[in-house]
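Trainee: When we follow my numbering, the leftmost residue of the sequence shown carries the number 21, and every step to the right adds one.
A virtual CB, placed ideally from N, CA and C, is assigned to each residue, including glycine.
Next up is a structure, given as structure tokens.
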Amino acid sequence: EDESAYNYIQVQEDERGYRYLLLNEGQGVHSIWHPSTFIYEGTWDYFLAAPYFNTPPYTPNDVQSVLIIGLAGGTIARQYIHVYGDIPVDGVEIDPDIVAAGAQFFDMNEIAMPSLTVYVEDGRYVLRKLKRQYNVIAVDAYRPPYIPWHLTTVEFFQELASQLTDDGVVAINVGRTNSDRRLVDALTATMLQVFASVHAIDVPHSFNTILVATQQTTSQENLKQNLDMLAATTPSMLRTVLERSVASLVPLGQSDIIFTDNRAPVETLVDSLVLNFLLSGDTDQLRRD
């Protein structure tokens, strides 16, 4: 346990050898690790599906660089490196104590992940320093009820788009409830101000949706087509994630809310969502996310 300037941090280990990073109230697991397991049937896995919304054929060889904003203990980075080898992965985490916990307990270090470069900074500020173009940008920095509004706006997504390759994608993890998708829908509408297409994957048995925005015009059907075209030598983990992602695709919702740097009512929306959630009695499911 530790208390940083940003978070109350806990690392727990169960009898099976799985380690969990818990923050603040301990509601929700922010990173997970096991010495010999890389797929966890959780939100992290579905970030691997993001680039396969591109027009077929899109293959694992097309993924050459990744940026992760909201690195936490490095679960997503570890999964990408496991599938793609030592491709350059840049990870951004604002809390140095979380980075320290990741290095100590989650293999987020130079020995286990030599191709990972960690930046201990604000996720938007650091974009001005990065010179690389990325195939995938993953944003896992929304931790309801603590959502940094400046990472939700049209201007932020414009900055991300400028860091992408021509066929690059942005994937974000967004909280919701079983009956309230207002935040998901507002972020969908906001991203569509910048990107050609957006797709939604509802992570099974969770209160999370992965939104994937693509530079090019793309369709949900691309995901299944790219899955079917994977070579026999493709890591089984990637094939499994794509199969689960295809099965978890959902239609996009509509929203009149567009988040901008001048007006981003994220806090009001999240407060309402959280209150409705607490009143619904579904809180027992939180630790599974």
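What number of angstroms, rounded off, separates the C-alpha of N155 from the C-alpha of A70?
Mentor: In the sequence shown, counting from the first residue as 1, residue 155 sits at position 135. In the sequence shown, counting from the first residue as 1, residue 70 sits at position 50. Distance between the alpha carbons of N155 and A70: 10 Å.
Trainee: So is P164 buried or exposed if we call it buried at 16+ other beta carbons inside 10 Å?
Mentor: Walking along the sequence shown from the start, residue 164 turns up at place 144. Burial call: buried.
Trainee: The alpha helix (DSSP H) with S182 in it runs from where to where?
Mentor: Here residue 182 refers to the residue found at position 162 of the sequence shown. Segment 174–182, the alpha helix (DSSP H) holding S182.
Trainee: If P76 and Q245 are in contact, beta carbons under 8 Å, what's the gap, nearest whole angstrom?
Mentor: Locating residue 76 in the sequence shown gives position 56, where the first residue counts as 1. Locating residue 245 in the sequence shown gives position 225, where the first residue counts as 1. So it is a contact: roughly 4 Å between Cβ atoms.
Trainee: Buried or exposed: where does S182 fall if 16 or more other Cβ atoms within 10 Å of its Cβ makes it buried?
Mentor: The count along the sequence shown starts at 1 and reaches residue 182 at position 162. Counting Cβ neighbours within 10 Å, S182 comes out exposed, since fewer than 16 surround it.
Trainee: Does H225 pass the burial test, meaning 16 or more other C-beta atoms within 10 Å, or should it be called exposed?
Mentor: On the sequence shown, residue 225 is found 205 positions in, with the first residue counted as 1. Classification for H225: exposed.
Trainee: With a CB to CB cut of under 8 Å and the five nearest residues on each side skipped, what residues in its chain are close to Q235?
Mentor: Within the sequence shown, numbered from 1, the residue matching residue 235 stands at position 215. Excluding positions up to five away in sequence, the list reads A181, L184, T185, D186, D187, G188, V189, F215, A216.
Trainee: With a 10 Å radius around its C-beta and 16 neighbouring C-beta atoms as the bar for buried, classify R148 as buried or exposed.
Mentor: Taking the sequence shown and counting its residues from 1, the one referred to as residue 148 is at position 128. Classification for R148: exposed.
Trainee: Pull up the DSSP beta-bridge partners for L269, would you.
Mentor: Within the sequence shown, the letter at position 249 stands for residue 269. For L269, which the question treats as bridged, DSSP gives the partners I221.
Trainee: Between R196 and T172, is the Cβ-Cβ spacing less than 8 Å?
Mentor: Within the sequence shown, residue 196 is the residue found at index 176, counting from 1. Within the sequence shown, residue 172 is the residue found at index 152, counting from 1. No, the Cβ-Cβ distance between R196 and T172 is not below 8 Å.
Trainee: Taking the alpha helix (DSSP H) that L243 belongs to, which residues open and close that run?
Mentor: As a working note, residue 243 is residue 223 in the sequence shown. L243 -> alpha helix (DSSP H) spans 241–248.
Trainee: So within the segment 82–169, which uninterrupted alpha helix (DSSP H) runs reach at least 4 residues, ignoring any that extend past its ends?
Mentor: Within the segment 82–169, the complete alpha helix (DSSP H) runs of at least 4 residues are 95–104, 116–125.
Trainee: What are the boundary residues of the beta strand (DSSP E) that includes A19?
Mentor: For the chain, the structure presents residues 21 to 309; residue 19 sits outside this window and is missing.
Trainee: Quick one: what's got a C-beta closer than 6 Å to G94's C-beta in the same chain, skipping five residues either side?
Mentor: Here residue 94 refers to the residue found at position 74 when the sequence shown is read from its first residue. For G94, where only same-chain residues beyond five positions count, the Cβ hits under 6 Å are G122, F126, M128.
Trainee: From the DSSP output, which residues share a beta bridge with A191?
Mentor: Reading the sequence shown from its first residue, position 171 is the one you call residue 191. BP columns for A191 point to A158, V232.
Trainee: So, is S265 buried or exposed, given that buried needs 16 or more other C-beta atoms within 10 angstroms?
Mentor: As a position in the sequence shown, residue 265 is number 245, starting the count at 1. The residue in question, S265, is buried, as its Cβ has 16 or more Cβ neighbours within 10 Å.
Trainee: If we ignore side chains and look at the alpha-carbon of each, how far apart do V261 and D65 end up?
Mentor: On the sequence shown, position 241 is the one that residue 261 refers to. On the sequence shown, position 45 is the one that residue 65 refers to. Cα-Cα distance, rounded: 6 Å.
Trainee: Relative to the C-alpha of A108, which candidate in V140, N74, R152, I131 has its C-alpha closest?
Mentor: Residue mapping note: residue 108 aligns to position 88 of the sequence shown, counting from 1. A small correction: the amino acid at residue 108 is Pro; Ala does not occupy that position in the sequence shown. The shortest Cα separation from P108 among V140, N74, R152, I131 belongs to R152.
Trainee: If you draw a straight line from the alpha carbon of N296 to that of D82, how long is it in whole angstroms?
Mentor: Working through the sequence shown from its first residue, we reach residue 296 at position 276. Working through the sequence shown from its first residue, we reach residue 82 at position 62. Approximately 42 Å between the Cα atoms of the pair.
Trainee: Under the DSSP definition of a beta bridge, which residues are partnered with V31?
Mentor: Looking up residue 31 in the sequence shown gives position 11. Answer is L41.
Trainee: Within the continuous alpha helix (DSSP H) that includes V290, where are the two ends?
Mentor: Counting from one through the sequence shown, the residue named residue 290 turns up at place 270. Here the alpha helix (DSSP H) through V290 covers 286–300.
Trainee: Could you spell out where the beta strand (DSSP E) holding H50 opens and where it closes?
Mentor: Sequence index remark: in the sequence shown, residue 50 carries index 30 (1-based). 49–53 is the extent of the beta strand (DSSP E) around H50.
Trainee: When the Cα of Q213 is compared with those of I277, G273, V174, which residue comes out closest?
Mentor: By one-based count along the sequence shown, residue 213 stands at place 193. Comparing Cα positions, the closest option is V174.
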